[in-house]
Every structure is written in structure tokens, then in C-alpha cells.
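Worksheet: the structure to be examined is printed underneath.
Chains as they are written, first to last, in this note's numbering: chain X, 60 to 269; chain D, 47 to 225.
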């Protein structure tokens, strides 16, 4: 294994880097990580939740499944998923954000996160963190893709469609490896993760070659 | 409430129009419709499927749900769902007829596929298994039903009448009314 990048990412901050086709991104964490990628040579080609779900014909992706762009091209392949068997990564949620938490507090909806109504809310979240992670490429806020939410296990009733936040997280940091299918700009957010038992935690982002 | 405008869309036609705060957009149809909306004076604020799913904490939009923007602001409220009890609208998929939507929107705002927001897929009835497998299950109503969306801000709305070849009710006209 040849390490290209190995970065510690503090809780509720963003991270970004370029990577080449064939290289592998390892995200290691025990908290939610909001993740997105963009074609390094065409910043208009961005990761897309809908195309990913429709290509793989599933709402929860894992080892062997591919992340797809809006333009219907494969961007990354999940080559190892240590969360498999414990929980699912999510493709329903957008990014959390300062405005999202502010509205939830105003409307008395913070108890959705299972810690009650009086938890302190952060002034920013994964939207702002991914803007920061992609800052080298100046991606406008409205074009930050809705992400792959790594380790965000969500309870979904597929009959009624009801979605519930879940505290199911790894007890110790584990990883997911993604292999780039094209040259990419990648960004990740160490989510403030208000539903987790101990809220948001730092993450490790590593890019390597086999 | 009286109609201010009414348009009939044949299959594979699109429509775009302004819907002011408080007005109701009624879509009367029995085959698949892809729907988008934008803040009237700012196309950077667009209907977002992910923000909508999470605000409502539900994958299937229906009565009393609100359509939310990327910026986490309410845009429309679902006030009538004639498909309820028959099938489910969809927030998982991309456009069935993206070229048609781009052509339709092009009359007000030039846009490329890369920037086209994912739609609300009315009458799409995508079934999801307990293991997360997606299974298209086309199932239109036998007769046209009304979907009503009330604008919470001034909007430009766009929709395409995009029937699926699998759908038994494919090829049906759609009526778009602003009340």
C-alpha cells in the first residue's frame, strides 16, 4: 500500500482532495460522513444520489456497487465495506446545515434526533463543510451534491416510506474503501451527527494505491 | 376557487408556468408526470428531493407534505392526492424524459442535464423491498385523478407528461390548472 494522503479531519469540519483513477479513498470513522465526488476535469459532472440508486436498483449500496454521476457515468466503486452486516449507508438524506438545524429548533423538531428538544445545535453542518472541502474547485453552494451518507444507518419503513433517524453507528472506527473510476475531486464532512450516542466525531481520510 | 389558466398536455409534451404564493397547481392525470419547481426570481433555489424527503421524514410525497428547496425553504404544500390509496409518488429517480424537461424549461431558463434537479415523479409507484431493492411497479389510476400543490412562495413550475411504455395507462393526456 502506497499512501498518497492520510488526513485527520476534526468533528464538524470538511476535507477535500484530488485523486486519480485507480486510487482508493479510505474513509475511516464511527460517525456519519457526508461524501461527494466531482469529475476533476469537468466540474459540471457531479455525484448524483438518484442515478446511483437507479443504476444499482437499490437504495442502500455496499461492496461491489458504484457511485454514479448525474451524467450517468461510474465515478467510484465500493471495494470494501466494513459496515456491511451492521448497518446501511444512506442515500435519502441531503446534507445537514446551519439553516436545517435552525428550522428544526424553531419548529420544535429536534427531538427527532433522540436526545430531546434542548440539545445545542451547531451553527453549521455538512453543507458548509462540503463547500469548504470543495473550495479548491469553487463549487457554488447550490451545486454541492446531495451526498452518500457513510455510516448513516436510517430506519426506513419501505411500505409507508417513513424515515427515522437511528443511533446505529460503529462502536469503534471502521472503514469503507472507494476506488476511483475517473480522476476526481472528492470531499467529505465529519458530520455533527446529532442522532449519534456521542454526537459527531473526527474521521480519517486516506488516499492510497495498492 | 376558480381556474386562472388551464392547459392540456398530450403525452411527451411539457409545460411551464408561474404559480404565485397561495395559488394551487392542479395536475389531473393518470400516467407518469415529472415535476420541478424553482423560486421565480432565483433559479438557484430549486425543489430538492433530498431536503423534501428529510423534512417530511418520508420517501413518498403525499398530502400534508411540503416540497422543500435545496436551501431548506418551503416551496409548496401537497394539499390533495388523488393517487393516495392507489399507489405512491416517487422521490428516488431522475427524469424519465430529461430532454423534454430541458426543452420545456428552456423557454424560461437555459439549463443543461448536469444542472437539472431531480424531479418528483408523480404516479411512478416505485416499490422498494425490505432489503432495499428497487422495483418499478407501474400502476396508474384507471381514471385521471387530481394532485394539488399550493405555492408557499412565488414559483416557476415545470412538468413533463412522460408515460412509461410499461404503464397500462401510458399515452394519456394531462390537464394542468392554476387555481
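Note that beta-carbon positions come from the ideal geometry of N, C-alpha and C, so glycine has one too.
As the structure is a prediction and not an experimental result, all values here were calculated from the model.
Reduced DSSP secondary structure (H/G/I, E/B, other) of residue i
i	result
residue 120/D	strand
residue 252/X	coil
residue 125/X	strand
residue 136/D	strand
residue 214/D	For residue 214/D, the predicted model reports a pLDDT of 49, less than 50, meaning its position is unreliable and no value from the coordinates is stated.
residue 119/X	coil
residue 147/D	helix
residue 197/X	coil
residue 185/X	helix
residue 95/D	helix
residue 111/X	helix
residue 244/X	strand
residue 177/X	coil
residue 184/D	coil
residue 171/X	helix
residue 163/X	helix
residue 191/X	helix
residue 233/X	strand
residue 130/X	coil
residue 101/D	helix
residue 113/D	strand
residue 207/X	strand
residue 266/X	strand
residue 71/D	strand
Inter-residue spacing [alpha-carbon to alpha-carbon] between residue i and residue j
i	j	result
residue 231/X	residue 129/X	34 Å
residue 97/D	residue 189/D	31 Å
residue 72/D	residue 62/X	57 Å
residue 112/D	residue 267/X	43 Å
residue 121/D	residue 193/D	16 Å
residue 202/X	residue 85/D	16 Å
residue 119/D	residue 67/D	14 Å
residue 102/X	residue 49/D	43 Å
residue 53/D	residue 189/X	42 Å
residue 78/X	residue 196/X	13 Å
residue 117/X	residue 142/D	18 Å
residue 157/D	residue 151/D	7 Å
residue 92/D	residue 199/D	12 Å
residue 218/D	residue 210/D	11 Å
residue 199/X	residue 140/D	21 Å
residue 167/X	residue 176/X	7 Å
residue 4/X	residue 184/D	Residue 4/X cannot be examined here, being either before or after the span of chain X that is shown, 60 to 269.
residue 138/D	residue 116/D	16 Å
residue 74/D	residue 191/D	5 Å
residue 264/X	residue 140/X	15 Å
residue 178/X	residue 76/D	46 Å
residue 173/D	residue 115/X	15 Å
residue 215/D	residue 81/X	For residue 215/D, the predicted model reports a pLDDT of 49, less than 50, meaning its position is unreliable; a value from the coordinates is still stated below. So the alpha carbons of these two residues sit roughly 46 Å apart.
residue 180/X	residue 133/X	36 Å
residue 145/X	residue 233/X	11 Å
residue 158/X	residue 111/X	27 Å
residue 102/D	residue 126/X	26 Å
residue 60/X	residue 85/X	12 Å
residue 138/X	residue 240/X	12 Å
residue 143/X	residue 162/X	33 Å
Within 7 Å, strictly: CB atoms of residue i and residue j
i	j	result
residue 106/X	residue 88/X	no
residue 78/D	residue 220/X	no
residue 249/X	residue 72/X	yes
residue 242/X	residue 83/X	no
residue 149/D	residue 70/D	no
residue 172/X	residue 99/X	no
residue 119/X	residue 178/D	yes
residue 261/X	residue 69/X	yes
residue 238/X	residue 136/X	yes
residue 108/D	residue 127/D	yes
residue 82/D	residue 204/D	yes
residue 206/D	residue 146/D	yes
residue 136/D	residue 99/D	no
residue 251/X	residue 184/X	yes
Identified DSSP bridge partners for residue i
i	result
residue 82/D	204/D
residue 220/D	55/D
residue 60/D	206/D
residue 152/X	According to DSSP, residue 152/X bridges with nothing at all.
residue 136/X	125/X, 238/X
residue 143/X	Looking at the DSSP assignment, residue 143/X forms no beta bridge with any residue, so it has no partner.
residue 126/D	194/D
residue 61/X	268/X
residue 9/X	Shown here, chain X extends from 60 to 269; a query on residue 9/X therefore has no answer.
residue 179/D	117/X
residue 67/X	263/X
Proximity test, Cβ basis, 7 Å: residue i and chain C
i	result
residue 49/D	The structure shown contains no chain C; the protein chains it does contain are X and D.
Taking the runs of the beta strand (DSSP E) that are 3 residues or longer, which of them lie wholly in the region 72 to 108 of chain X? Qualifying beta strand (DSSP E) stretches, in chain order: 73 to 78, 83 to 88, 92 to 98.
3-residue-minimum beta strand (DSSP E) runs that sit fully inside the region 151 to 176 of chain D, ordered along the chain: Counting only runs of 3 or more, we get 166 to 168, 172 to 174.
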